[in-house]
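Chemist: Please find one structure pasted underneath; my questions will follow.
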Amino acid sequence: MTEKKNIKIIIIGGGLVGSLCASFMGKRGHDVAVYEKRSDIRTAKLSPGRSINLALSHRGRRALRSVGLENEILKTSIPMKGRLLHDLTGKTTSIPYDPVTNEVKFKFYGDSPTKLCIYSVGRNFLNQTLLRAAEKYPNVKLYFNQKLVSSNFNQGTVTLLNTNTCETYEEVAELIIGADGAFSSLRRLMQQTPLFDFSQKYIQHGYVELSIPPERGHLITPNHLHIWPRGEFMMIALPNQDNSWTLTLFMPFDKFENLKTEEGIRKFFWETFPDSIELIEENELVRVFTRLNNPSTLVSVKCKPYHVGSKYLIIGDAAHAMVPFYGQGMNAGFEDCFLLDDLLGKLDEDIQKTVNQFSESRVESAQAICDLAMYNYEEMKSLVTKLTYRIRRALDNA
Ligand code: FAD
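Residue numbers (our numbering): 2 to 399.
Laid out in structure tokens, this is it:
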């Protein structure tokens with residue numbers, strides 16, 4: 002019998018991917034320390050972050066299932082059986098994800114080839130659940146307010162800053178995983194090493210989140226991802242557990258300039274998204290846009306390889322941040338955790354081989370997902386509009 006290896010692992014970042022990765026590594030029996038620069042979102046008053054809810058799909062679910070978390074997450078998520086397109090007159094067309102049955106199993110936890118749906122899940126709820134799950138492993142420790150500031154790739158160390166005391170200290174581990182997001186500090190350090198390719202692209206569109214309050218949530222068709230495609234821009238809505246909805250308006254930055262005055266805001270929404278006004282309320286629209294400083298930006302990141310030396314690896318957005326139009330950023334990051342776990346098992350916990358093979362096998366497919374996400378932006382903005390007309394024409398002629 003081979004002796005069980007107990008590896009010391011450091012994970013930088015306790016966001017969605019880092020906290021899930023901690024469970025995977027904890028389950029393998031390794032000694033895991035997660036260093037997160039923010040305070041603990043389970044106790045912090047305000048948890049700043051991007052989108053309030055996210056679409057969870059097959060890739061992500063498979064990873065959650067592997068660490069026994071799928072059911073817990075799905076129970077508090079909302080199934081979306083298809084896209085519901087809103088045209089300029091307020092008419093809607095449903096495009097089911099499962100064209101065969103157009104059904105959704107509301108308590109659907111398994112895999113089925115014909116009953117397809119995706120799930121809307123709250124970011125904070127998900128992150129909190131993942132942190133709680135990781136912490137249940139006695140061999141996993143979470144450290145908050147600890148920021149990675151540098152790394153010595155030759156010595157295999159990382160330097161962390163305790164943002165409470167402003168003291169820095171060094172840590173060493175056999176495997177160091179950067180799950181520190183699109184603006185990853187570990188990746189920035191890796192970029193200074195030879196033969197590390199890196200590129201990033203900001204798209205010329207920003208986004209702003211709006212919401213439909215719980216008391217008006219029933220006014221919009223349930224169990225759909227709603228889309229208001231308008232050619233150059235679009236708005237989407239995903240449901241929340243409390244009956245509210247989160248809307249996201251994606252638009253070129255220069256168009257947001259028209260939303261600086263009360264008159265401009267009202268005119269824009271009446272002309273572009275008239276059926277959304279009774280859902281959000283006109284005064285609320287005016288309140289949000291007149292207080293808005295800048296819309297949030299969207300970046301796509303590609304790099305290669307995902308490892309440096311024999312023990313440094315990046316996963317999730319740190320390795321492949323993508324624009325959100327394919328709803329796969331988090332799902333792909335969760336899949337990274339699944340694949341890393343699988344490789345560790347297959348390669349008998351050999352770290353050097355694992356990080357090498359992870360890079361080799363993952364870069365191409367992750368970059369393909371980044372490209373698909375960019376492509377789906379075009380699809381959601383304009384192709385869906387064409388599709389709506391085609392479907393409507395077919396129905397009219399039927
Ligand atoms: P993050 O969530 O960014 O977490 C990184 C963590 O690292 C953070 O907690 C951060 O504080 C910490 N950190 C950063 N630097 C340091 C440091 N130096 N030291 C220590 N800690 C550090 N994906 C989907 O799959 N489905 C969707 O529907 C979807 N919708 C989206 C909508 C929008 C508007 C956006 C912007 C993204 C969306 N995504 C979606 C993508 C998804 O949000 C990301 O892919 C996901 O959050 C990546 O998780 P992560 O853990 O890699 O990075």
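For each residue, glycine too, the CB sits at the ideal point set by N, CA and C.
Helix or strand or just coil, what does DSSP make of Ala180?
Modeler: Coil, per DSSP.
Chemist: So, at 7 Å on beta carbons, what are the nonlocal neighbours of Pro275 in its own chain, with the 5 sequence-adjacent residues on each side left out?
Modeler: The residues are Gly91.
Chemist: Does Trp271 pass the burial test, meaning 16 or more other C-beta atoms within 10 Å, or should it be called exposed?
Modeler: Trp271 comes out exposed.
Chemist: Going by C-alpha to C-alpha distance, which of Arg189, Ser20, Met323 and Val309 sits closest to Gln353?
Modeler: For Gln353, the nearest C-alpha among the options comes from Val309.
Chemist: Can you have a look at Gly14 and say buried or exposed, based on whether 16 or more other CB atoms are within 10 angstroms of its CB?
Modeler: The residue is buried, with at least 16 neighbouring Cβ atoms inside 10 Å.
Chemist: So Val300 is in the beta strand (DSSP E); what residue range does that whole segment cover?
Modeler: First-last of the beta strand (DSSP E) with Val300: Val300 to Lys305.
Chemist: The alpha helix (DSSP H) that contains Asp343, what's its start and end?
Modeler: From DSSP, the alpha helix (DSSP H) with Asp343 extends over Gly330 to Lys347.
Chemist: From what residue to what residue does the beta strand (DSSP E) around Asp32 run?
Modeler: Note, Asp32: beta strand (DSSP E), Asp32 to Glu37.
Chemist: In three-state terms, what does DSSP make of Glu210?
Modeler: In this structure, Glu210 counts as strand in the three-state DSSP scheme.
Chemist: Exposed or buried, what is Ser113 when buried is set at 16 or more other beta-carbons lying within 10 Å of its beta-carbon?
Modeler: Low confidence applies here, because Ser113 scores a pLDDT of 44, under 50, leaving its location unreliable; read the following figure in that light. With fewer than 16 Cβ atoms within 10 Å of its Cβ, Ser113 is classed as exposed.
Chemist: In the region 9-96, which residue ranges form an unbroken alpha helix (DSSP H) of at least 4 residues, counting only runs that do not cross its ends?
Modeler: Runs of the alpha helix (DSSP H) inside the region 9-96: 17-28, 59-67 and 71-76.
Chemist: In whole angstroms, what separates the C-alpha of Lys6 from that of Phe339?
Modeler: Taking the straight line joining both Cα atoms gives about 19 Å.
Chemist: By alpha-carbon positions, which one of Phe184, Gln358, Ser185 and Asn72 ends up nearest to Thr130?
Modeler: The residue with the shortest Cα to Cα distance from Thr130 is Asn72.
Chemist: Compute every distance between the C-beta of Tyr36 and the non-hydrogen atoms of the ligand NAD, then say whether any falls below 8 Å.
Modeler: Here the bound small molecules are the ligand FAD; the ligand NAD is not part of this structure.
Chemist: Kindly identify the DSSP beta-bridge partner or partners of Trp246.
Modeler: Its beta-bridge partners are Ile213 and Pro240.
Chemist: By Cβ distance below 6 Å, which residues in the same chain neighbour Ser186 in space, the five residues on each side in sequence not counted?
Modeler: The answer, listed in chain order, is Leu149.
Chemist: Pick out whichever of Glu136, Met81 and Glu350 has its Cα sitting closest to the Cα of Gly27.
Modeler: Comparing Cα-Cα distances from Gly27 to each of Glu136, Met81 and Glu350, the minimum goes to Glu136.
Chemist: Who are the Cβ neighbours of Ala134 in its own chain at under 6 Å, not counting the five residues just before and after it?
Modeler: Counting only Cβ-Cβ distances below 6 Å, and skipping sequence neighbours, we find Ser24 and Leu70.
Chemist: Using 10 angstroms around the beta-carbon of Thr169, count the other beta-carbons present and answer buried if the total reaches 16, otherwise exposed.
Modeler: With fewer than 16 other Cβ atoms within 10 Å, it is exposed.
Chemist: Is any heavy atom of the ligand FAD found at a distance shorter than 8 Å from the C-beta of Thr249?
Modeler: Yes, the Cβ of Thr249 comes within 8 Å of a heavy atom of the ligand FAD.
Chemist: Would you list the one or two residues that DSSP bridges to Val141?
Modeler: Val33.
Chemist: According to the Cβ coordinates, are Leu161 and Tyr36 closer than 9 Å?
Modeler: Yes, they are a contact pair.
Chemist: Could you compute how far the alpha carbon of Glu210 sits from the alpha carbon of Thr291?
Modeler: So the two alpha carbons sit approximately 14 Å from each other.
Chemist: Could you tell me the boundaries of the beta strand (DSSP E) in which Ile228 lies?
Modeler: Start and end: Leu226 to Pro230.
Chemist: Among Glu175, Pro139, Tyr144 and Phe145, whose alpha-carbon lies nearest the alpha-carbon of Asn155?
Modeler: Measuring from the Cα of Asn155, the nearest candidate turns out to be Glu175.
Chemist: Go to Asp255, then tell me how far its alpha helix (DSSP H) extends in each direction, as first and last residue.
Modeler: Start and end: Phe254 to Phe257.
Chemist: Answer yes or no: do Gly346 and Arg63 have a C-beta to C-beta separation smaller than 9 Å?
Modeler: In this structure, Arg63 does not lie closer than 9 Å to Gly346 by Cβ.
Chemist: From what residue to what residue does the alpha helix (DSSP H) around Glu379 run?
Modeler: Its alpha helix (DSSP H) spans residues Ile352 to Glu379.
Chemist: Given a cut-off of 9 Å on the beta-carbon distance, is the pair Gly328 and Ile74 in contact?
Modeler: No. Outside cutoff.
Chemist: Within 10 Å of its beta-carbon, does Tyr203 have 16 or more other beta-carbons around it, so buried, or fewer, so exposed?
Modeler: Tyr203 is exposed by the Cβ-count criterion.
Chemist: So, using beta-carbon positions, are Val122 and Asp318 closer together than 9 Å?
Modeler: No, the Cβ-Cβ distance between Val122 and Asp318 is not below 9 Å.
Chemist: Could you give the first and the last residue of the continuous alpha helix (DSSP H) run that contains Asn284?
Modeler: From DSSP, the alpha helix (DSSP H) with Asn284 extends over Glu283 to Arg292.
Chemist: Between Ala180 and the ligand FAD, is the CB less than 8 Å from at least one heavy atom?
Modeler: Yes, since a heavy atom of the ligand FAD falls inside the 8 Å radius drawn around the Cβ of Ala180.
Chemist: My guess is that Ile316 and Leu299 are in contact by the Cβ rule of under 8 Å, so how many angstroms apart are they, rounded?
Modeler: Not really, about 20 Å apart at Cβ, beyond 8 Å.
Chemist: What is the rounded straight-line gap between the Cα of Leu21 and the Cα of Asp181?
Modeler: Using only the alpha carbons, I get a separation of about 13 Å.
Chemist: Applying the 10 Å Cβ sphere with the 16-neighbour rule, what's the burial state of Ala369?
Modeler: With fewer than 16 Cβ atoms within 10 Å of its Cβ, Ala369 is classed as exposed.
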